[in-house]
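Numbering (full-length UniProt numbering), first residue to last: 1 to 399.
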Amino acid sequence: MAENGLASRLYNGEAGLNIVGRRKLWFGVAGVLVLIAILSFSIRGFSLGIEFAGGNSFQVPASVGTLDDAEREVNSALAAENTGVTVATTQKVGGPGGDSYELRTPQLSAEQATAVKAQIAEDLGISADQISDNQVSEAWGSQVTERAVLGLVIFIALVMVYLILRFEWRMAVAAVASLITNLILTAGIYSLVGFEVTPSTIIGFLTILGFALYDVVVVFDKVQENTRGITANNNQTYGEASNLAVNQSLMRSLNTSVVALLPVGGLLFIGAGLLGAGTLKDLGLVLFVGMAVAFLTSILVATPLLALLKNYDPRIQAHNKRVLTRRGAVARGEVTGKGAAASPVAQADATDEPVDQDAAALAGAAPKVGARPAGKRSTGARGGRPGGGGNRPGGAKRR
1 MAENGLASRL YNGEAGLNIV GRRKLWFGVA GVLVLIAILS FSIRGFSLGI EFAGGNSFQV
61 PASVGTLDDA EREVNSALAA ENTGVTVATT QKVGGPGGDS YELRTPQLSA EQATAVKAQI
121 AEDLGISADQ ISDNQVSEAW GSQVTERAVL GLVIFIALVM VYLILRFEWR MAVAAVASLI
181 TNLILTAGIY SLVGFEVTPS TIIGFLTILG FALYDVVVVF DKVQENTRGI TANNNQTYGE
241 ASNLAVNQSL MRSLNTSVVA LLPVGGLLFI GAGLLGAGTL KDLGLVLFVG MAVAFLTSIL
301 VATPLLALLK NYDPRIQAHN KRVLTRRGAV ARGEVTGKGA AASPVAQADA TDEPVDQDAA
361 ALAGAAPKVG ARPAGKRSTG ARGGRPGGGG NRPGGAKRR
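Here you go:
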């Protein structure tokens with residue numbers, strides 16, 4: 001029984017999951033999630049880090065007490081200097097001189113920052129030299145954002161060129177649509193969770209693009225293998241061949257994703273969650289979510305979208321109609337062949353592209369495969385031999 005389990009059938013590519021045939025469902029779910037992400041961008045926005053929003057940071061030694069103690073003292077110093085701001089974020093960081101607490105505030109003037117630093121040192125009972133402060137302008141964050149967007153545009157352009165040369169333009173369009181969906185959904189989750197957008201976040205976004213592209217190329221390579229010369233036979237529609245490719249490559253994609261997610265999950269949940277390494281959570285979250293979403297979009301978005309685009313190709317349209325017409329003839333007993341009924345994927349293709357009735361009638365009137373021409377008939381029972389007894393005189397039978 002174990003040999004027929006789902007895991008075994010997935011490994012052998014025999015699960016028969018109807019993924020391409022249910023593309024309307026996947027597109028609908030993806031559309032709803034993308035809409036939620038866009039609403040989150042518009043309403044909630046992103047929690048920009050000091051590098052993008054601008055502000056000040058103060059680092060105090062961890063020896064002063066707990067992180068809460070440090071935050072309380074810094075807020076007290078900010079209030080004493082009438083700055084009108086409070087600590088925005090706090091995290092524990094490591095360094096050559098030992099652990100320290102980093103506390104970030106909105107933008108302060110140079111005089112306010114100096115006064116706050118002196119007040120913090122007085123309240124904590126340490127020297128001002130033990131406190132490091134830093135001021136970041138939001139202009140730096142704008143430059144980083146511009147460079148990141150430029151890098152994204154260049155990456156997508158190179159991906160398009162590569163996929164067109166390696167496969168075809170429809171595969172390039174489907175792959176890029178999957179990448180963009182992946183980015184939007186990952187950014188939406190980042191916005192909903194409320195993690196800070198830092199340079200590590202940007203690096204993470206650019207990293208998941210490569211992983212998502214790898215997932216798509218793995219599936220498309222199998223699709224290309226299954227559909228090579230598909231119009232030369234009438235056994236499968238393009239959607240069926242694509243769906244078979246997804247089933248055959250599903251276990252490989254799943255294994256790759258799980259192996260990649262394990263160390264990233266350790267980085268996020270153990271490093272940032274249990275050990276309190278706050279600098280890791282931004283990178284860990286975007287990598288974990290992005291890789292998981294990349295696996296889903298490469299299976300549920302990229303290949304079904306490719307099948308939909310291919311159905312608008314006149315050659316594929318004609319091929320799909322021939323396949324479904326032949327199956328209809330088989331079901332009526334007019335011809336012999338495998339599969340009297342269309343599969344769910346073929347039915348979905350038929351829904352998108354209805355079968356031409358004239359073509360079906362002509363196909364039904366065609367001679368059966370392997371039948372002799374109607375105008376020529378042999379004179380004997382076997383290969384032109386006389387019916388009486390072959391070459392023996394008188395047609396006498398051997399006793």
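C-beta: ideal position from N, C-alpha, C; glycine also. Note that the coordinates shown come from a computational prediction; the quantities given were computed from them, not determined experimentally.
### Message
I'd like to check one pair, ALA88 with PRO106: are the Cβ atoms closer than 9 Å?
### Response
Yes; because the gap between Cβ atoms is below 9 Å, this pair is in contact.
### Message
For GLN135, report the span of its beta strand (DSSP E) as first-last.
### Response
132 to 136 is the span of the beta strand (DSSP E), which, as asked, contains GLN135.
### Task
Under 8 Å Cβ to Cβ from TRP144, same chain only, skipping five residues before and after it: list those, please.
Per the sequence shown, residue 144 should be read as Val rather than Trp. Excluding positions up to five away in sequence, the list reads GLU51, PHE52, PRO199 and ILE202.
### Task
Spatial neighbours of TYR238 within its chain, please: CB distance less than 8 Å, with the 5 preceding and 5 following residues excluded, ordered by chain position.
Closer than 8 Å at the Cβ level, and outside the excluded window around TYR238, lie THR227, ILE230, ALA307, LYS310, ASN311, ILE316, HIS319, ASN320 and ASP349.
### Message
For GLN91 and LEU262, what's the separation of their Cα atoms in angstroms?
### Response
Our two residues, GLN91 and LEU262, have alpha carbons roughly 24 Å apart in a direct line.
### Query
Can you tell me whether DSSP reads VAL20 as helix, strand or coil?
Assigned with DSSP and collapsed to three states, VAL20 falls in helix.
### Message
Taking the straight line between their C-alpha atoms, what separation do you get for ALA365 and ALA331?
### Response
Low confidence applies to ALA365: its pLDDT is 39, below 50, so where it sits in the model is not reliable, and the reading given next is rough at best. Just so you know, the alpha carbons of ALA365 and ALA331 end up roughly 14 Å apart.
### Query
Can you check whether the CB of PHE58 is closer than 9 Å to the CB of ILE120?
Yes, the Cβ-Cβ distance between ILE120 and PHE58 is below 9 Å.
### Task
For ASN233, count neighbouring C-beta atoms within 10 Å of its own C-beta (all shown protein chains included) and say buried if the count is 16 or more, exposed if not.
It counts as exposed.
### Query
With which residues is GLN91 paired in a DSSP beta bridge?
Partner(s): GLU102.
### Query
With respect to 8 Å, is the separation between the Cβ of GLY266 and the closest non-hydrogen atom of the ligand GTP below this value?
The ligand GTP is absent from the structure shown, which contains no ligand whatsoever.
### Task
Counting only the same chain and skipping the five closest in sequence on each side, list residues whose C-beta sits under 7 Å from that of ARG170.
Answer for ARG170: LEU306, LEU309 and LYS310, listed in chain order.
### Query
When DSSP labels each residue in this structure, what does GLN107 get in the three-state scheme?
GLN107: coil per DSSP, three-state reduction.
### Residue from THR297, GLY266, THR303 and GLY328 whose Cα sits closest to the Cα of GLY21
Taking only the C-alpha atoms, the option nearest GLY21 is THR303.
### Query
Does the beta-carbon distance from LEU185 to LEU33 come in below 9 Å?
Their beta carbons are under 9 Å apart, which means LEU185 touches LEU33 by this criterion.
### Task
Specify the secondary structure class of ASN247 as computed by DSSP and reduced to three states.
ASN247: helix per DSSP, three-state reduction.
### Query
Around the Cβ of ARG147, are there at least 16 other Cβ atoms within 10 angstroms (buried) or fewer (exposed)?
Per the 10 Å Cβ criterion, exposed.
#### Entry: Simplified DSSP state of GLU51, which is helix, strand or coil
Correct three-state label for GLU51: helix.
### Message
Need the endpoints of the alpha helix (DSSP H) that VAL301 sits in, please.
### Response
No alpha helix (DSSP H) holds VAL301; DSSP gives it neither H nor E.
### Message
With H, G and I counted as helix, E and B as strand and the rest as coil, what does DSSP make of SER40?
### Response
In the structure shown, SER40 sits in a helix (DSSP, three-state: H, G or I).
#### Entry: Three-state secondary structure assigned by DSSP to SER57
It is a strand residue.
#### Entry: C-alpha distance - LEU39 paired with GLY141, whole-angstrom precision
Pairing LEU39 with GLY141, the inter-Cα distance amounts to about 24 Å.
### Task
Please classify LEU158: is it buried, with 16 or more other beta-carbons within 10 angstroms of its beta-carbon, or exposed?
So LEU158 counts as exposed.
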